[in-house]
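The structure under discussion appears below in the form of C-alpha cells.
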Amino acid sequence: MAEAAPTATPAVLEQFGYQLEQMLGHSTYGKVYKAVACQQRAQVAIKVISKRKAPEEYLIELLSHHIQVLKGLHHKHLITLYQAIETTAWHYIIMELAPSGNVLQRVQNEGPCPESLAGHWFSQLVLCLAYLHSRAVVHRDLKLENLLLDYQDNVKISIFGLPQRVAPEDANRKSLGASASAEVSTREALSQTFCGSFTYACPRILQAQAYDPFLADTWSAGVILYALLLGRLPFDDTNLQRLLQQIQRPPVFPSWQPLPQDCKDVILRLLCPASQRLSAQELLQTPWVSRFLPLGPLGDLPSATEAPETQSSRCSFPASENL
C-alpha cells in the first residue's frame, strides 16, 4: 500500500498550488511523492529533502549546483525539472512524473526484452544522452532504475542528483559530438570524482584513475543495453576484484540468447577501452541504433542542441522560490 503524505509539509506546498497524494519512494535524505499541480491540473513528482538529515556538502553541491544545471535542460526523454522551493528546513524539488515505473522493474518482472523493445528504449536513451553531451552535461549515474517510463512506454531519464556541467575548455570534442560548439577544446575532460554505481562504472573509475566523464556515460549505456537484451548484467559485481578482472575483457554473450551481429558490435564498441569507445553522437550513426530512431534517417532528426518539447514540459510552472 502506498504511504500517505507527511503532515509537516503539505501546508507549504499548498501555498504554491500542489496537493500531495502518496509516497512513491525514499532515499537517504528525503522522500518522493506523487502530487497534483492544481492550477495546471497535472500530476507531478515532488522530492522532499530534509536539510537536517542531509550533509552541508550535499545541500550546497548536489542541490544548488545541480538544480542550476537542470533548469536549462529540456528534452522529450529527460525528466523535466519544473520548480525548486526552499524553506528553512526543507528543499522541495518539483519534477515531471513518470507514471509507469522504471526499466529495471520491467526487466526483473518480464526478463530479457525483445530486440524491438530494447532498441526502442536504447535509442531514446542515446538521443537524450547525445543532447546532454552536446550541452556539456554528463549524467554520471546511468542505470536501469534511472530509466523511467511514461504512459506510452517511452523512456524518461531521471538525472536529478549527480549531473555535472563540464567546462567547455576542458571538454573532449569526440565525446561531445559534431554538434558541439566550435570553440570546444580537444583536451579531455577528466573527472576525479567517483559517482554512480559500481555495476555500471567504467574501468578507469573502478581503478581510481581520472576518466573521461562523457565516455563513462557511454560505458554505462553499454551495460544497460546488455542487460536489456539478456536480462542480466555483463559483469559480476558481487566481488570487486573479480569485477576488475572481468572488465578488462570483452563481455561474454551466452549461446542460449543469440543476438544480431550489429547489435553485438554496439555493445562491444561500448564495453571496451576508452580510446575505442563510441561517443553518444557516434552511437546514433551505428546501423543497429539507427534502425530504432523514431524519426527515420539521421538527417531527419532534430539537432542534438535542440530541446524537443513534450506536452508536460509545456506546462507553465512558477520560478524557484525561497521561503
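Convert by adding 2 to the 1-based position in the sequence shown; the result is the number in our numbering.
Where is the CB? At the ideal position from N, CA and C, for every residue including glycine.
Can you tell me which residues form a DSSP beta bridge with Leu-246?
DSSP output for Leu-246 lists no bridge partner at all.
Where Ala-218 falls: helix, strand or coil (DSSP):
helix
If you reduce the DSSP assignment to three classes, tell me which class Ser-277 lands in.
helix
Out of Asp-219, Asp-238, Leu-242, which has the shortest C-alpha to C-alpha gap to Leu-134?
Asp-219
Contiguous alpha helix (DSSP H) assignments of at least 4 residues, all confined to the stretch 7 to 45
12 to 17
Per the DSSP calculation, Leu-150 is bridged to which residue(s)?
Asn-104, Lys-158
Scan the stretch 47 to 135 and note each continuous alpha helix (DSSP H) run of 4 residues or more that stays entirely inside, going in chain order.
68 to 73, 105 to 112
Could you tell me the boundaries of the alpha helix (DSSP H) in which Lys-266 lies?
263 to 270
Taking the Cβ atom as the reference point for each residue, do Leu-22 and Tyr-35 lie within a distance shorter than 7 Å?
yes
Would you check if there are 3 or more beta carbon pairs closer than 8 Å linking the stretch 110 to 122 to the stretch 47 to 63?
no
Kindly indicate which three-state DSSP category Pro-310 falls into: helix, strand or coil?
Note that Pro-310 scores 38 on pLDDT, short of 50, meaning its location in the model is unreliable; the coordinates nonetheless yield the value given after this. Here Pro-310 sits in coil by DSSP.
For the stretch 260 to 271 and the stretch 215 to 234, state whether three or more C-beta atom pairs, one from each stretch, are separated by less than 8 Å.
yes
Between Leu-150, Ser-160, Ser-222, which lies nearest to Val-268 when the distance is taken from Cα to Cα?
Ser-222
DSSP beta-bridge partners of Tyr-228:
None; Tyr-228 has no bridge partner.
C-alpha gap between Phe-162 and His-141, whole angstroms
9 Å
What does the alpha-carbon distance come out to for the pair Tyr-94 and Ser-281?
34 Å
Comparing alpha-carbon positions, which option in Ala-212, Ile-159, Thr-240, Pro-116 lies nearest Phe-294?
Pro-116
Answer yes or no: do Val-254 and Val-128 have a C-beta to C-beta separation smaller than 7 Å?
no
Beta-carbon proximity check, Pro-205 vs Ile-159, cutoff 7 Å
no
Cβ distance (whole Å) where Tyr-31 is taken to contact Ser-52 below 8 Å:
6 Å
Strand pairing of Tyr-202, partner residues [DSSP]:
Paired residues: none, contrary to the question.
Looking only at its own chain, which residues have a Cβ that is under 6 Å from the Cβ of Leu-99, when we skip the five neighbours before and after it?
Gln-45, Val-46, Ala-47
Find the nearest neighbour of Lys-55 within the set Lys-33, Tyr-202, Ile-81, judged by alpha-carbon distance.
Lys-33
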